[in-house]
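Residues in the sequence shown are numbered from 291 upward in steps of one, following my numbering. Idealized CB from N, CA, C, for every residue including glycine. Written below as structure tokens is the structure these notes are about.
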Amino acid sequence: MLWRKMFRDILENKVAYIACAIVIAIGLMTYTSMSIAKDGLFNAKDQFYQEYSFADGFAKVKAIPITRAQALEEIDGINVVSGRLVKDVRVLMPDTKENVYLRLISLHAPEGNELNGIKLEKGAFPSTNRQQILVADKFYEAHKLQIGNKINVIIEGKQVELSVSGTGMSPEYIYALKELQSVASDPSTFEVAYVPYEDMEQLFNQKGLVNDISFTLKPGVTYEDVEQAVKSDLERYELESLYAAKDQLSNAMLTEELKQLERMASSLPVIFLIIAAIILYIMLKRLVESQRGQIGTLKAFGYRRSEILFHYLWYGIFIGIFGGVLGGVLGIWVSKYYLQIYQMFFNLPNIGAHTSMKYFYLGIIMAVLFSAVASFQGVRGVIRLQPAEAMHPVVPTFVKKTFLEKIPGFWRVFNVQGRMAIRNLLRNKNRSIFTLIGMIFTFSMMASFFSLSSMSETMIMDQFTRVQKQDVKLTFVKPMPRSNVLRELNDVDGVKRVEPFLEIPVSLKFLNHKKDVIALGISDGSELYNVFDKDGNRLEVPKSGMMVSEQVADKLGVQVGDVLQVESIFAKDEKLNIKIEKIIPQYLGANIYMNQDALLGLLKQGELMTSALIAIDERAMPSLKDEYRASKYISTIEVRQEMIDKYEELMGSATYAMWVMAIISIITGFAIVYNSSIISLAERKRELASLRVMGMTPKEVMEVVSVEQWFIGFSGMIAGIPLAFLMNQMMSTSMSNDLYTIPPGTSGNAIVLAFIGTIFAIAVSQASISRKVKQLDLVAVLKERE
């Protein structure tokens, strides 16, 4: 009998229960899909790393004999060493005007290298002495190449034609970025390719030499155990960088993405389940209060308190199971699309949704637990009543004037229906508070989702519109004489301003902390590279000392006034001690900043520059690119506007995901408002019917319900603004890392869009409730027992 009663009650308010189940389903769809996608990525990554021997450590030197590189295997703890020749070259592609680069990596075996191997996708590995090249699969697809096609590259200032023999992918470049400052991976402008070592040593005149070393460690040995020994051996060969696998750019980007996915999979579902629990609490509390007489009758007929309690608990458990199953099924389906999206960005083979029922069942268990707890809290008060007491209606509460009525002029703003709504809102404090909490979450979620794009935009656009003001950046193959380069570039037609720029790899030490970064040497009075403090004020780089980014300061545990020990392969003195003058925010990368002349003075290498920042007339830019396209001294030509365009294109594709999350928030808001309105309508049917009989129109009667919801809605929106700022701050902290920092902030547009979305959710629910008010059976309602 009780089961039939439960299903009858649920069917009577099916829309309300379905809305609650949808909120649960959305949360568990997020949990299941993200968890399955995370596992799929982890499995694909681990399998790829193991099968193709991803290295444990990496080093870059100017040049070292290949036999001497192999001798590093003699260091205790090192297992296998692989020396390679790695060179970035410019590619002349007829299908694009953009600068296109390939990172050529030498092949030392017919089927790929011993470490950081290559998975062959199409064609065959290149043969020696045939000018063949194996390109990354995504580069091949981006330029619609075919096996046997010829591509032209610039090597040592000369144009060289190479034939495409095949395509492949390597664990070393799952996410291919030319440098950390790159906006995002773009296979059409940068990827990797492989050429037999015998061909590369001839093309680059590097007979018997390599400049890139990777190594694996013996079991039980850590990177820190061998770091100093490797460094000591390689310093004589002008060591440029030495880092562990965790700091390798592609691996670091993939690891951070997986961490963010893991955090999202654990946090987002909890928010939706809490909202669903609030809705269930309100619904069950209203249900048991409206069924006091039935509860009293059941007790009088001998039903135990526990039987009645479990009867009402099953309302929540049933909705939890229904929402959990629906969310799990949708999550398994959505996970496939998640993985397809990741496949677009990451060069990972064997990405597949390994359907795990573990997350399906865990999701259902979470839904049932949240629902059962919410149901218990909603019904426990009435269940304790004795039969005689339960069969009596609730004694009406008589209250004095509310505090709102005492506010001068406030009460006169409302008509009779509005005053009834406000009084009802304050008499049902618990329900009003929980509805308010739901509206706050709805608004703040919308504002946070809408802010994601502006936060990302601030991170990128700050770098390319406020910090970097140059039109073109030329990066040199090696440090060049400053005066000679400036004289030549200033004579180029259309050039308005040229500034020397210095980028020097350094190792920072403070107490027992250490970090490898790039020191930026900025010229006096620089107009093309700016530095700002937290308040957005432009700073002049101090004549002595250094400014460090917040990420570096946090990593080293330093503050203004501390002195850092600085080491660099470019410095003649082994160790330098430099004082921290200021700590500043930095969104892309983690650097230290110094006056260029001061940095050159410490290095004692004369007047050098590693790159040039150029302001140039837009019409003269093509001729500048043509003039230096084949230069053997220039490694990259970076056009700032191309970087901005690339980011805007990337954000255009991300807008879809943002709107999906916003729609989910609107659905959640609708569920909260609709359920609250349904409860209010059910509690006040007799009162509203009486108003109809007294001559009020359905529209006037509806005001009694709608004013209450609009009042809570606008209160929730206002209270949700600080929560939105807090949520964005938390998102910024959780998503930021050593590679980039997401700036916290909630834009005005996000707040406006969240207001519109929340108002839309309230309006839709009010339209649905309005139909129910018009359909009230006045005779049947007025015949109900008090």
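{"Item": "contact_flag[the stretch 1032-1049, the stretch 729-747] where n(CB pairs < 8 Å) is 3 or more", "Value": "yes"}
{"Item": "7 Å Cβ cutoff met for G728 and I956", "Value": "no"}
{"Item": "Three-state secondary structure assigned by DSSP to T926", "Value": "strand"}
{"Item": "Rounded straight-line distance, which links the Cα of S1055 to that of Q633", "Value": "39 Å"}
{"Item": "At least 3 beta-carbon pairs within less than 8 Å: the stretch 494-506 vs the stretch 408-428", "Value": "no"}
{"Item": "N714 burial status per 10 Å Cβ neighbour count (16 or more: buried)", "Value": "buried"}
{"Item": "Alpha-carbon to alpha-carbon, V853 and G613", "Value": "58 Å"}
{"Item": "Runs of alpha helix (DSSP H) lying entirely within the stretch 826-889, each at least 4 residues, in chain order", "Value": "840-846"}
{"Item": "The alpha helix (DSSP H) enclosing K521, as first and last residue numbers", "Value": "Y513 to L524"}
{"Item": "Alpha carbon of Y883 to alpha carbon of F791, nearest angstrom", "Value": "11 Å"}
{"Item": "Beta-carbon proximity list for V850, same chain, < 8 Å, skipping 5 on both sides", "Value": "I870, E871, K872 and I873"}
{"Item": "Range covered by the beta strand (DSSP E) that runs through G456", "Value": "K448 to M459"}
{"Item": "V703: first and last residue of the uninterrupted beta strand (DSSP E) it sits in", "Value": "Per DSSP, V703 belongs to no beta strand (DSSP E) and is neither H nor E."}
{"Item": "V782 - DSSP class collapsed to helix/strand/coil", "Value": "coil"}
{"Item": "Reduced DSSP category for I565 - H, G, I as helix; E, B as strand; rest coil", "Value": "helix"}
{"Item": "L903 versus I927: straight-line alpha-carbon distance, rounded", "Value": "10 Å"}
{"Item": "Assigned exposure category for E993 - 16 Cβ within 10 Å defines buried", "Value": "buried"}
{"Item": "Per-residue DSSP class, three states only, for G1035", "Value": "coil"}
{"Item": "Endpoints, the beta strand (DSSP E) within which Q422 is located", "Value": "Q422 to A426"}
{"Item": "Y964 versus T765 - alpha carbon distance", "Value": "60 Å"}
{"Item": "Spatial distance of E1076 from I565 (CA atoms)", "Value": "A caution first: E1076 carries a pLDDT of 48, below 50, which makes its placement in the model too unreliable to give a value."}
{"Item": "Residue burial classification, E249 (beta-carbon count within 10 angstroms, cutoff 16)", "Value": "Look at the range of the chain in this structure, 291 to 1076, and you will see that residue 249 is not part of it."}
{"Item": "Alpha carbon of K304 to alpha carbon of M933, nearest angstrom", "Value": "52 Å"}
{"Item": "Three-way DSSP call (helix, strand, coil) for D378 in this model", "Value": "strand"}
{"Item": "Contact set for L776: own chain, Cβ-Cβ below 6 Å, skip 5 residues either direction", "Value": "V788"}
{"Item": "Segments assigned beta strand (DSSP E), at least 3 residues, entirely inside the stretch 531-577", "Value": "none"}
{"Item": "Contact test: I859 Cβ vs the ligand COA heavy atom, cutoff 6 Å", "Value": "By its list of ligands, the structure shown contains no ligand whatsoever, and the ligand COA lies outside what it can speak to."}
{"Item": "Beta-carbon proximity check, Y465 vs L392, cutoff 7 Å", "Value": "no"}
{"Item": "Identified DSSP bridge partners for S797", "Value": "D806 and E857"}
{"Item": "CB contact below 7 Å: D852 versus chain B", "Value": "In the displayed structure, chain B is absent; only one protein chain is listed."}
{"Item": "Continuous beta strand (DSSP E) stretch holding Y484: start and end", "Value": "F480 to P486"}
{"Item": "N-terminal and C-terminal residue of the alpha helix (DSSP H) that N333 is part of", "Value": "K304 to E341"}
{"Item": "Simplified DSSP assignment, three categories, for E1076", "Value": "The predicted model places E1076 with a pLDDT of 48, which falls under 50 and marks its position as unreliable; any figure quoted below should be read in that light. Three-state DSSP puts E1076 in coil, outside helix and strand."}
{"Item": "DSSP three-state assignment for P1012, whether helix, strand or coil", "Value": "helix"}
{"Item": "For V997, the three-state DSSP class (helix, strand or coil)", "Value": "helix"}
{"Item": "Validate contact between the stretch 495-513 and the stretch 341-352 using beta carbons, cut 8 Å, 3 pairs", "Value": "yes"}
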